[in-house]
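Colleague: Each residue of the sequence shown is one higher than the one before, counting from 0 in numbering that gives the first Met the number 0.
Submitted below is the structure of interest, expressed as structure tokens.
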Amino acid sequence: METSRADTRVTFIDELTKVSRKLRTAFDAQVKARELTMARARTLLRLLRHDGITQTELAFELEIEGPTLVRLLDHLETQRLIERRPVEGDRRAKRVALTKEGRAQAGLVSGLADDIRETVLTDVAEDDLQTAIRVFRAMSRNIEAIA
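In structure tokens form, the structure reads like this:
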């Protein structure tokens with residue numbers, strides 16, 4: 000029996016949704032063992048790549064609202080994983096920086112993410128990954144065009 004174009008598209012989005020959910024669940028289980036939530040772990044990973052960015056930039060990077068980020072940073076600050084510093088010339092703005100403990104924790108989380116990626120992508124050919132990347136980028140552009 001031949002699969003229609005519409006059926007293929009429905010199946011593709013369904014599979015993408017399932018994989019995304021399973022990936023989040025696997026990552027969440029790993030970071031919970033380190034007394035972190037998925038949101039806090041994502042924040043640490045982002046700061047590992049962009050340490051010292053402003054809270055506004057960080058909220059944009061994480062695709063969350065400012066008040067949500069403030070609560071998240073409050074928890075990370077309580078855990079002594081980050082510190083907020085004033086931005087010179089702008090009394091309202093704050094830069095977010097990893098502490099020594101935060102950098103170590105972010106490194107552990109990064110290692111967990113690497114391990115999960117390796118496991119999840121075992122037996123997936125490099126050519127298939129390149130094709131998937133092109134597909135996801137095209138989908139992202141299409142979503143941005145309608146959003």
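Positions of the beta carbon are idealized from the N, C-alpha and C atoms, including for glycine.
For L97, which of helix, strand or coil comes out of DSSP?
Modeller: For the purposes of this step, residue 97 is identified with residue 98 of the sequence shown, where counting begins at 1. L97 carries a strand assignment under DSSP once its states are collapsed to helix, strand and coil.
Colleague: Where in the region 18 to 100 do unbroken runs of the alpha helix (DSSP H), each at least 4 residues long, occur, reported from the N-terminal end onward?
Modeller: 37 to 48, 54 to 61 and 65 to 77
Colleague: Restricting to Cα atoms, I'd like to know which of R79, E62, T121 and A25 is closest to L103.
Modeller: On the sequence shown, residue 103 is found 104 positions in, with the first residue counted as 1. The residue you asked about is not Leu; residue 103 is Ala in the sequence shown. Out of R79, E62, T121 and A25, R79 has the C-alpha closest to the C-alpha of A103.
Colleague: Please say whether E82 and T98 have beta carbons closer to each other than 8 Å?
Modeller: The sequence position of residue 98 within the sequence shown is 99, counting from 1. The sequence position of residue 82 within the sequence shown is 83, counting from 1. Yes, the pair counts as a contact, with Cβ atoms nearer than the cut-off.
Colleague: Hey, how far is the Cα of L107 from the Cα of K31?
Modeller: By 1-based counting over the sequence shown, the position of residue 107 is 108. By 1-based counting over the sequence shown, the position of residue 31 is 32. If I take the Cα positions, the gap works out to 12 Å.
Colleague: Near I115, what residues of its chain come up, given a Cβ to Cβ distance below 8 Å and the 5 sequence neighbours on each side ignored?
Modeller: Along the sequence shown, read from residue 1 onward, the residue named residue 115 stands at position 116. The answer, listed in chain order, is L22, A25, F26 and Q29.
Colleague: Among the residues of its own chain, which have a CB less than 7 Å from the CB of T53, if the five just before and after it don't count?
Modeller: Walking along the sequence shown from the start, residue 53 turns up at place 54. Short of 7 Å from the beta carbon of T53, and not among the five residues preceding or following it, lie these beta carbons of its own chain, in chain order: V86, A92, K93 and R94.
Colleague: Suppose you measure from the CA of D50 to the CA of L111; what does that come to, to the nearest Å?
Modeller: Residue 50 sits at position 51 when you count from the first residue of the sequence shown. Residue 111 sits at position 112 when you count from the first residue of the sequence shown. It is roughly 19 Å from the alpha-carbon of D50 to the alpha-carbon of L111.
Colleague: Assuming L15 contacts R41 under a Cβ cut-off of 8 Å, what Cβ separation, rounded to an integer in Å, is found between them?
Modeller: On the sequence shown, residue 15 is found 16 positions in, with the first residue counted as 1. On the sequence shown, residue 41 is found 42 positions in, with the first residue counted as 1. The pair is not a contact, with the Cβ atoms about 19 Å apart (cut-off 8 Å).
Colleague: Residues in its own chain within less than 6 Å of G65 by CB, not counting five upstream and five downstream?
Modeller: The sequence position of residue 65 within the sequence shown is 66, counting from 1. Within the same chain, A58 come within 6 Å of G65 by CB-CB distance, once the 5 residues on both sides are set aside.
Colleague: Mind checking whether L35 and A105 have CB atoms under 8 Å apart?
Modeller: Looking up residue 35 in the sequence shown gives position 36. Looking up residue 105 in the sequence shown gives position 106. Contact: no.
Colleague: Residues in the same chain with beta-carbon distance under 8 Å from L75, minus the five sequence neighbours each way, listed in chain order, please.
Modeller: The residue given as residue 75 occupies position 76 in the sequence shown. Answer for L75: R39, T42, L43, I81 and G101, listed in chain order.
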